[in-house]
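Single-structure report; data block below.
Chains as they are written, first to last, in this note's numbering: chain A, 74 to 454; chain B, 4 to 773.
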C-alpha cells in the first residue's frame with residue numbers, strides 16, 4: 074500500500090474533489106452600493122457627546138458622523154484561530170449624497186492581501202470604527218489576518234464603537250435576544266426577506282471556490298450589505314434614545330437606559346431617566362436606584378425622601394426600610410428610629426406574601442441589626 | 004517511630020523477613036559541587052547567595068554552560084536533584100540580559116505547571132527582578148490571558164494547551180513567537196507512546212511557527228533515568244541534543260525492601276494476594292505514625308485499598324479523612340485539596356495511581372509502598388522518590404504481585420537497582436497522529452510548495468491528500484486551509500481515540516452530576532452495561548451506556564463484587580514492511596495489521612476471595628484498529644513434529660513469556676503491547692506468534708521489538724530456564740492449568756529452536772555483508 078492509499082483508507086469519508094476555480098486577477102473584487110439617506114433617519118445627529126454617553130471609549134470631540142467607518146466581515150468559520158479568514162469585508166460610510174457601502178471580496182486566497190490592503194487604506198482615512206460584536210470577533214480576526222499577511226495591524230486600534238454591548242444594555246431586558254436581525258425587527262422595524270443566515274456564509278464561500286459560481290456569493294453579499302446598513306441605522310437610533318430618553322416607549326427600555334447611564338457614570342442623566350419611569354412594575358426599582366444614587370452623591374435628604382415615599386406606596390419590599398434603618402443608625406444617630414424601621418422590616422419580611430426563602434441572609438442581618446440596636450439602646454437607658 | 008527505628012524493628016521480625024527477598028540499603032551520596040559559570044548574568048548570583056547557595060551541583064553547572072553556548076540539551080538526573088535550576092538559570096540569565104527574551108515551559112500536567120510557577124516566583128522575588136512568569140492553561144481566567152500573551156517572559160503551560168490554545172491562535176502571541184529563545188520540556192520520559200508521538204508533532208508545529216516569526220529557540224529537556232534519553236529527546240524534537248547526566252546532588256540513605264508474598268498454592272504457583280499484603284504494610288506504617296504513599300497500578304486498586312484502609316482509621320463520627328485515594332478521573336479541586344492535605348500533614352496515607360508520581364509538590368513523605376510494578380523502572384524510581392526527597396532516611400517497599408512481570412522483577416532485584424534497561428519509544432510518523440497534526444499545521448499557516456513538516460516524511464503526499472479531500476486549496480504555490488473546522492479540537496494528545504466518554508452519576512434523579520471521563524477504547528471494558536465502576540471507594544453500577552452520545556449513566560450500589568470484562572480479538576494482514584523468508588533461518592516479519600476487538604461478556608468477582616460469581620453478556624459494537632505488528636513463524640520442523648495440543652501449549656507458553664519480557668524493554672504498559680499466538684495465522688498461514696502495538700497506527704513498539712527480537716527471545720528463555728517451578732507457573736509460561744503439563748518443556752524447545760535459527764539468520768546476514 075502506498076501512502077496515499079493508506080491515507081485514503083484511514084480517513085473514512087473523503088470529501089468531494091474541488092473543481093478548479095477560474096484563475097482570477099490579483100486584485101480583489103469590489104462592489105459599490107449607495108443607499109438613499111432616507112433609509113437612515115437621524116444618522117447625521119450622531120455626535121461624539123452622545124457616543125461618549127454610550128461607552129467609555131474616548132472618541133475625538135470633533136468627530137463627524139461621516140468619519141465613522143461601519144465594518145462587518147463574512148468569514149470562513151467562527152473558530153477565530155489562525156486558519157479562519159475573512160473572505161468578504163463590507164465597509165459603510167455616510168456621505169452627503171447617501172450611505173455608501175463598499176464590499177471587498179477575495180475570489181481566491183491570493184486576493185486576501187490586496188483585499189486587506191484596501192481595508193487598511195480605508196481605515197487610515199477614518200477616525201472611528203463601528204461594528205456589531207467586532208470587539209470580540211471582527212477586529213481580532215482582522216488583526217490575525219494582518220499578522221499572517223505581514224501587514225501592520227495598528228490601524229485596527231482606531232476608537233471603536235461596538236453596538237452589541239450597547240444594544241444589550243438598552244434592550245436585553247425587554248427582548249432577551251440581541252442579534253442584529255432581531256434588533257432590526259423589534260427596534261428598527263425592518264423585515265428581511267429571504268435572508269441567508271450568517272452561519273451559512275462559510276459553506277457558500279467554499280462551494281464557490283469549488284465551482285467558480287460567483288452567484289453563490291450574491292446572497293452573502295446582500296446579507297452583509299444589510300448588516301452594514303443596519304449598523305448605521307441602529308447607531309442613529311441609539312443616539313436618538315440617549316438624546317431624547319423621554320421618547321422611549323417601553324418602561325423596560327427606560328429603566329435599562331438609566332442603568333446604562335449609571336454604568337458609564339453619567340449620574341445626573343441616569344437620575345433624570347429613573348424619574349421618568351412610569352408607575353408600574355419597574356417604578357419601585359427605579360426609585361431604589363435613584364435613592365441610592367442620591368445617597369452616593371451625598372444628597373442624603375433626597376434619598377431619605379425617596380425611601381419614605383417608597384414605604385408609603387409599599388414599593389420595593391423591605392429594602393427602603395432597611396435603608397432607612399441604616400440611615401437612622403449611622404448617619405442621623407437616631408437609634409430609636411433605626412430600631413423602629415428594623416422592626417418594621419422584620420415584620421414586613423414575615424408577611425406571608427414575601428418570598429422569605431430568597432431572603433434568609435437579609436433576615437439574618439436584620440436580626441443582627443436589631444440585637445445590636447437593642448444593646449446600644451440598653452446601654453443608653 | 005521514625006524510619007530507622009521501624010527498619011530495626013522489621014529486621015528483627017522473622018515472620019516479616021521470611022518474605023523479604025532482598026533488603027538493599029542505598030547509602031547516602033555526598034554532593035559534588037561546581038562554581039556558578041561565569042557566563043551567567045552577575046545579577047543572578049546574589050539572589051542565590053541570599054539563600055545560602057554559593058555554588059551549584061556539577062550537573063547544574065554543566066547544563067548551564069552547554070545551554071549558554073547555544074546547545075540543545077537533555078538533563079538526566081533522579082528525583083529531587085535540583086534539575087529545575089538547569090533550565091531556570093540560563094533562562095533567567097538571558098532575560099536579565101535582554102528583557103525581550105521569552106521562554107516557554109512545558110509540563111505534562113497542569114498541577115506540575117502551577118507548582119513550578121510558584122517556585123519560579125520565589126526565585127524572581129529573591130532577585131528583585133521584573134520578570135513575569137505566568138501559567139497559561141485551562142484554568143487561566145479569560146481576563147488574565149491577554150496579559151500573559153503580551154507580557155509573559157516565561158509562559159508555563161502543558162502540551163494540550165500549547166496544541167489547542169496557543170498554536171492555533173499564534174497571531175495573538177506575536178511577542179512570544181518573535182522572541183522565543185528557550186523551550187523547556189520537563190519529564191520527557193512521560194512523553195512516550197501516543198502522548199509522545201503527539202507531542203513530537205506539536206513541537207514540529209511550534210518550530211514551524213517560530214520560523215515564520217523569525218525566531219530559532221533552543222531546547223532544554225529533562226528526563227528521569229532511562230536507557231535512551233538522548234534518542235528519546237532526538238525523536239521528540241527532531242534534532243540532536245547534548246546529554247548531561249553527571250548528577251552531583253546528595254541523597255539520604257534509602258532502604259529498598261523487596262517483599263514477595265508467600266506461596267499459598269505450590270502446584271499453581273499462586274502467592275498470597277497483593278492487595279491484602281500491601282494493605283498490611285500500609286496499615287503498619289499508619290499505626291506507627293509514618294506518613295506514607297502507596298502506589299497501585301489501577302484505579303480499581305486505589306479504590307479497593309482506600310475502602311479497606313478508611314475503615315481502619317474511621318473515627319466514631321465516621322470521618323476517615325486521614326486516608327485518601329488519588330487518581331485521574333477525580334475532579335481537579337478534589338485533587339488540589341488532597342495535595343494540600345499531604346503537605347500540611349493532615350493526611351497520613353494516600354493511595355494513588357501513577358497520577359502522583361510526577362513532581363507535584365506533596366512534601367516529603369517517609370515511606371513509599373509500591374503495590375506491584377508500576378510499569379516502568381523510571382516510574383518505580385519516581386514513585387520511590389516520593390519518600391525521602393529531603394536528606395533523611397526513607398524506606399521503600401516493593402510488594403510483588405503474583406503477576407509474572409512482578410515475579411520476574413522480585414527475583415531479579417538487580418534489574419531495578421542496576422543500569423536502566425528501558426527504551427522510551429514514540430513514533431512521530433504514526434500516520435494517524437501525523438495526519439492530524441499536519442491538518443493543524445495547515446490550519447495554522449499555509450504550506451508552501453516543497454515545504455517540509457519538521458523531519459516528517461512525504462509532506463507533498465500529505466498535502467496532495469488534503470487537497471484531494473477538499474480541506475486545503477492549492478493556489479499560487481501555497482496550500483490554504485479551506486474548511487470551517489478547527490482541527491485541533493479533534494485531537495486528544497493523551498489517548499489514541501479522540502472522543503472521551505463522560506461518566507454521569509444518576510443516583511439522585513433531581514441532580515445528575517458528571518464524576519469523570521474515560522477514553523473510547525477502555526469504555527467497552529469498564530463501562531459496559533451492568534459493570535461495577537468504582538470512584539473514591541464507592542461502587543456504582545452502569546445503568547446505561549450511550550455509545551453514540553459518548554455517555555455512561557451510573558447509579559450508586561453496594562455489592563460485594565467487582566466486574567471483569569472478556570475481550571475477543573481477530574487479526575488481518577494489511578501490508579508487509581519487512582520479511583525474513585529464508586527457510587533455513589528464522590522466519591519473521593513486520594507490517595501493518597487490522598485488529599478487531601469485541602467485548603462479549605463479563606465476570607462478576609467477589610471481593611477478598613476473588614471467586615467467580617457468574618457472568619453477564621455485553622452487547623457493544625466491534626472496534627477496528629489498524630496497527631503495527633511483528634511476528635515469528637514457528638519453524639516448520641517443530642510444528643510438523645508436534646501434536647497440535649502440545650504445539651498450542653508451547654506457543655501459549657512462549658507468548659506468555661514474551662508478554663512478560665517485552666514491556667520491560669519497550670518501556671510501555673503491559674497493556675500497550677499484545678502478544679498472541681495463532682496455530683494457523685491469517686498473516687502467515689503458519690503457526691505464528693504475533694506481537695502488536697495496542698494503539699492505532701502503532702507507536703514504535705513492534706518496530707523496536709523487531710529490531711531487538713533476539714534479546715527478547717534470549718530473556719524469555721532466561722526466565723523459563725531459571726524458574727524453579729516444575730511444569731509452569733504464572734511467573735514463567737503460565738500455570739499448568741492453562742498451558743498443560745507439557746507447556747513448559749515445549750516452550751523451552753520452541754525458544755531454543757528460534758534462538759538457533761536466529762543465529763543462522765545473523766550468520767547469513769554477516770556473510771552477505773562480508
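Cβ coordinates follow ideal geometry from the N, Cα and C atoms, glycine included.
- With respect to chain A, the C-beta atom of residue 46 of chain B has no partner C-beta closer than 9 Å.
- Taking a 10 Å sphere around the C-beta of residue 446 of chain A, we find 16 or more other C-beta atoms and assign the residue as buried.
- Not a single C-beta of chain A is nearer than 9 Å to the C-beta of residue 517 of chain B.
- Nearest C-alpha to residue 254 of chain A among A:268, A:183 and A:143: A:268.
- In this chain, the beta strand (DSSP E) harbouring residue 634 of chain B covers 626-636.
- Residue 359 of chain B and residue 344 of chain B have their C-alpha atoms roughly 14 Å apart.
- Residue A:230 holds the alpha-carbon nearest to the alpha-carbon of residue 199 of chain A among A:218, A:230 and A:337.
- Under the Cβ criterion of 9 Å, residue 81 of chain A is counted among the residues facing chain B.
- For residue 467 of chain B, the C-beta contacts it makes with chain A under 8 Å involve 77, in order along the chain.
- Residue 31 of chain B has a beta carbon lying at 9 Å or more from every beta carbon in chain A.
- Straight-line spacing of the CA atoms in residue 58 of chain B and residue 88 of chain B works out to 12 Å.
- One Cα belongs to residue 112 of chain A, the other to residue 331 of chain A, and the distance between them is close to 29 Å.
- Burial state of residue 565 of chain B is buried, judged by a 10 Å Cβ sphere holding 16 or more other Cβ atoms.
- For a cut-off of 8 Å, the C-beta gap from residue 142 of chain A to residue 189 of chain A is around 15 Å, too long to register as a contact.
- Residues of chain A with a Cβ closer than 8 Å to the Cβ of residue 177 of chain B are, in chain order, 220.
- Collapsing the DSSP output to three states places residue 56 of chain B in coil.
- Note on geometry: alpha-carbon atoms of residue 607 of chain B and residue 571 of chain B lie some 18 Å from one another.
- Within the same chain, 344, 373, 375, 376 and 379 come within 8 Å of residue 367 of chain A by CB-CB distance, once the 5 residues on both sides are set aside.
- Per DSSP, residue 144 of chain A lies in no alpha helix (DSSP H); the unbroken beta strand (DSSP E) holding it starts and ends at 141-148.
- The beta carbons of residue 377 of chain B and residue 298 of chain B sit about 6 Å from each other, so the pair counts as a contact at 8 Å.
- The criterion of a C-beta distance shorter than 9 Å is not satisfied by residue 60 of chain B and residue 78 of chain B.
- Contact between residue 222 of chain B and residue 169 of chain B fails: their C-beta atoms lie close to 17 Å from each other, not under 8 Å.
- Residue environment for residue 193 of chain B: buried (at least 16 other C-beta atoms within 10 angstroms of its C-beta).
- Looking only at B:508, B:675 and B:380, the smallest Cα-Cα distance to residue 425 of chain B is reached by B:380.
- In this chain, the beta strand (DSSP E) harbouring residue 171 of chain A covers 171-178.
- About 6 Å separates the Cβ atoms of residue 153 of chain A and residue 214 of chain A, confirming a contact at the 8 Å cut-off.
- For residue 282 of chain B, no beta strand (DSSP E) run applies; the uninterrupted alpha helix (DSSP H) run containing it begins and ends at 277-290, by DSSP.
- In the three-state DSSP reduction, residue 184 of chain B falls in the strand class (E or B).
- Here residue 158 of chain B is bridged, per DSSP, to B:107 and B:137.
- Shown here, residue 355 of chain B sits in a strand according to DSSP, grouped into three states.
- No Cβ of chain B is located within less than 9 Å of the beta carbon of residue 270 of chain A.
- Distance from the CA of residue 81 of chain B to the CA of residue 228 of chain B, rounded to the nearest whole angstrom, comes to 7 Å.
- Within chain A, 279 and 282 have C-beta atoms less than 7 Å from the C-beta of residue 485 of chain B, given in sequence order.
- Chain-ordered, the chain B residues with CB closer than 7 Å to the CB of residue 275 of chain A read 487.
- When the alpha-carbon of residue 583 of chain B is set against those of B:150, B:712 and B:473, the nearest one is in B:712.
- Going by beta carbons, residue 260 of chain A and residue 216 of chain A fall outside the 9 Å limit.
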